[in-house]
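In the working numbering, the protein residues as written are 1 to 157. Here is the structure we will look at.
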C-alpha cells in the first residue's frame, strides 16, 4: 500500500463527513433525476396537447438526459439537456430552415431545498410548468416581428 492509499483510508476514517457529502449528493441526484423525468413527461404532454389542437409539435427523447421538441410550423426546435452532476438543465434552439432566426437558449439551475429539488431561472424559482412554458413558448407560439420604427420619427409631442 502506498502513501496515497494510506492517507485516503485515514481521511475516510477520520472524516466521515466526506461520505455524508457523497451520500447527500447521491440523494440530490436521485431527486434531481425525478425532477428531470417529471419535466420530460411534461414536455411530452405539452407536445401532445399542442398536436391535439392541430399543431405540429414533436417530442423526441434523444437519451436519458436529452430531449428535442420541434415545431415544423415555426421551423424551430428546442434541445434540452440535463447535467445533474452540474445541477443544470441547458436549453437551446435550432433552426430547421436556413432563413429561421431562433431565440437564445438558457440554463435552469437545480437547487436542493432540503426535501425537493427546485428549478431556478435567473435566480428566480420556477415551477415545472413555468420552466416548460419558458422553453416551449418561443417554439410553439413565436411572436410576430414588430414593425420597425424609423429612428427619425418622433413620437409623442
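For glycine and all other residues, C-beta sits at the position ideal for the given N, C-alpha and C.
- Counting only runs that start and end inside the segment 39-111, the beta strand (DSSP E) elements of at least 3 residues fall at 57-63, 66-71, 76-83 and 88-95.
- If you check the CB distance, residue 51 and residue 128 do not come in under 9 angstroms.
- Separation of the CB atoms of residue 68 and residue 77 is rounded to 6 angstroms, and the pair is thereby assigned contact status at 8 angstroms.
- The closest CA to that of residue 61, considering only 79, 123 and 9, is found on 79.
- In this chain, residue 113 is not harboured by any alpha helix (DSSP H), its DSSP state being neither H nor E.
- A direct Cα-Cα distance of roughly 6 angstroms separates residue 120 from residue 126.
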